[in-house]
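Line by line, the protein sequences give chains A, B, C and D. Residue 39 in my numbering sits at position 39 of the first sequence, and the numbers go up by one each step. Heads up, my numbering is the position in the second sequence plus 1000, with the first residue counted as 1. Heads up, my numbering is the position in the third sequence plus 2000, with the first residue counted as 1. Heads up, my numbering is the position in the fourth sequence plus 3000, with the first residue counted as 1. Positions of the beta carbon are idealized from the N, C-alpha and C atoms, including for glycine.
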Amino acid sequence: MFDLLIMAVSWILMIVGCVFVVSGAVGLVRMPDLYTRLHAASLTDTGGTIVIGLALIIQAVFIFDNNMAAIKMGLIVFFTLFTGPTASHALAKTALLCGQVPVDADGKPILDSPEEATLLARSRPADYRHGEDAKRIEDEMDALNKKRRGEG
Amino acid sequence: MEKIAGLYSYWVVVVLMMAGLYIMIARYNLVKKIIGLGLFQTSIFYLYITMGKVSGGTAPILVHGDVQPVFSNPVPHVLILTAIVVGVATSAVALALIVRIYEEFGSIEADEIAIIEAQEPEA
Amino acid sequence: MFIAGILALLVTMALTLWRTLLGPTLFDRLLAVNSFGTKTVLLIAVYGFMTGRPDFLDIALVYALINFVGTIAVLKFFEYDDLGSGKYQEDDF
Amino acid sequence: METLVADVLLTFLVVIAVGIIVLRDLLAAVILLGAYSLTAAGAFVVMDAVDVAFTEAAVGSGISTILFLGALSFTKHEQKPRGNDSWVAVLFVVVTGALLIYGTLDMPYYGSATSAAQTNPDLAVRFLQQSGSEVGPPNIVTSVLASYRGYDTLGETMVVFAAGMAVLSLLGLKRRRPGLEAPEDAPGDTPGETPADALDEPPTSRHT
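Now the structure itself:
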């Protein structure tokens, strides 16, 4: 009875995970635009990994009686939980920074120019690419030091 | 049919090898040539590893217990472990050479470099 | 169960590979390759269980990390045209 | 099933290789090369070569990609859009490939347990049976690598060392040649800089 339950649960998790990854791949192929593809792929990647990982952990603990494998699988799920969204975020931000303009449902660009996308991606006002941020921080530090010296 | 199934992996290795060779011959871009070299190398690794596989075998790691499983052949694995590291060392030297060539000639296209070299009075 | 999972993963990998070859921009390719790597990790894990020797999950773990690091390295290259030496000069590229 | 997985992964490799041939952008080719190494490593797992898969994933896919990106960051990353697909090269490659395929026809089939490589009493059989008692570690690849073929590994280490020295001497040392004056404020020019700092020097070129 217990074995049957275990098998049923891991089967269901495995099938759910497979549905996740396959739908994600279909979305990756069929979606019209980089950002929509990113949306399709990243969510299902992480979700599918977690669900399939859970199925495998259940198998490892109850069927294979191999706790080390379960721990390793748990680590894989844990890392994917962090690295998947991080990589997607970095990808989207870099794409925007490099001037990839998102489009709306009709395929019309929602921004006027690639430069606007670049500006949108820069959450900071200064152009850190050419070291102006560093210069600003240096100036702030100098001001702080001067103040301290004035006090002391 | 049995022949196709049995020899498919070798044929794929040959195709990969030829893809690498084609890139090395037909592309003038030096970095692309090194990428072709990488393809070629990996296909050779593949040739060795496929020859070491035994059907129904497992990785050659001894297990405790009375029932010993069938193991695949460990010798090709050892040879290829060495070859992978040496291959990356080769690519590293080649890429360093390319960077120097780019500094010298301002181009990484083999034919342009030949033209530039021919135009110079003396090297 | 494992066989079903492996078949689904192989189909998925084929689809992502298709997007890799098709992808109009480099970002599409990178996204597809990243997704492909994740599927490889899952494939190795499920394959280990299918053959009854799930001791080799370390490799899947290494793949997951290498995949992430590789993606981030390429993205960094996109953003700075450089791997971050900090001495970037616009006119040189 | 195992053979099917291996064959499908091999087919993926062919598709990626075709992509590398067709694509003109070098960055795309490098990304695809990373995917190629990762797929190859997955196939190595399927073919029971776990140590090789480990090395290929870490070295082939990780370090090699970073090396290529580093090289590209010093150079240009577009291939010239030219039709340089010469028929001579295609013919040469096809003929060579046909010869190689002809050569595979009498090879033992994939997974054969009775081929010469599997049954030689001095190689695989001996390592499989005796390495546990002769050397010790359960991983036979480790025993062979470190003990039976230890000199091989020593030579490998020497090759890697030589390659490191070669890269350093190509890129790391200060350049002093007539006709190529380093700019006054170039970072590599100040004395006391380490070679690693000089690596970051932007490319100075006569022709661009």
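Kindly indicate which three-state DSSP category C:ALA2008 falls into: helix, strand or coil? helix
Does the structure place the region 2056-2073 of chain C close enough to the region 1008-1026 of chain B that three or more beta carbon pairs sit under 8 Å? no
Can you tell me which residues form a DSSP beta bridge with C:THR2016? For C:THR2016, which the question treats as bridged, DSSP gives no partner whatsoever.
Going along the chain, which residues of its own chain have a beta-carbon closer than 6 Å to the beta-carbon of D:LEU3023, five neighbours each way excluded? ALA3029
Can you name the residues of chain C whose CB is closer than 8 Å to the CB of A:THR118? Those within 8 Å of A:THR118 in chain C number zero; the least Cβ separation is about 11 Å.
Cα separation between B:TYR1028 and D:PRO3121? 48 Å
For the alpha helix (DSSP H) that A:PRO85 lies in, which residues bound it at each end? 67-97
Output yes or no for whether 8 Å exceeds the beta carbon distance between B:ARG1100 and D:LEU3067. no
Within chain C, the residues that D:PHE3012 reaches when beta carbons sit closer than 8 Å: MET2013, ALA2014 and LEU2017
Give me the chain D residues within the contact set of B:ILE1004, using Cβ-Cβ distance strictly less than 7 Å, ordered along the chain. Simply none; closest approach about 10 Å.
Using the beta-carbon count (16 or more within 10 Å), is D:MET3001 buried or exposed? exposed
Compare the C-beta of C:ARG2029 against all C-beta atoms of chain B and say whether one is closer than 8 Å. no
How many Å lie between B:PRO1069 and B:LYS1032 at the Cα? 44 Å
Taking just the CA atoms, how far does D:ALA3057 sit from D:THR3142? 18 Å
Leaving out five residues on either side along the sequence, give the residues of the same chain with a beta carbon under 8 Å from the beta carbon of A:PRO32. VAL103 and GLY107
Taking the straight line between their C-alpha atoms, what separation do you get for B:GLY1006 and B:GLY1056? 15 Å
Check each residue of the region 3063-3077 of chain D: if its Cβ is closer than 9 Å to any Cβ of chain B, include it; give the result in chain order. ILE3063, SER3064, LEU3067, PHE3068, GLY3070, ALA3071, LEU3072, PHE3074, THR3075, LYS3076 and HIS3077
Compare the C-beta of C:LEU2075 against all C-beta atoms of chain D and say whether one is closer than 8 Å. no
Close-in-space but distant-in-sequence residues of the same chain around A:ILE76 (CB under 8 Å, 5 per side omitted): THR49 and GLY53
Which value, in whole angstroms, describes the spacing of the CA atoms of B:VAL1012 and A:ASN67? 38 Å
Return the residues of the region 1030-1044 of chain B that lie within a Cβ-Cβ distance of less than 7 Å from chain D, sorted by chain order. VAL1031, LYS1032, ILE1035, GLY1038, LEU1039 and THR1042
Is C:THR1983 near C:LYS2039, with beta carbons less than 8 Å apart? Since the displayed chain C opens at 2001 and closes at 2093, residue 1983 of chain C lies outside it and no answer follows.
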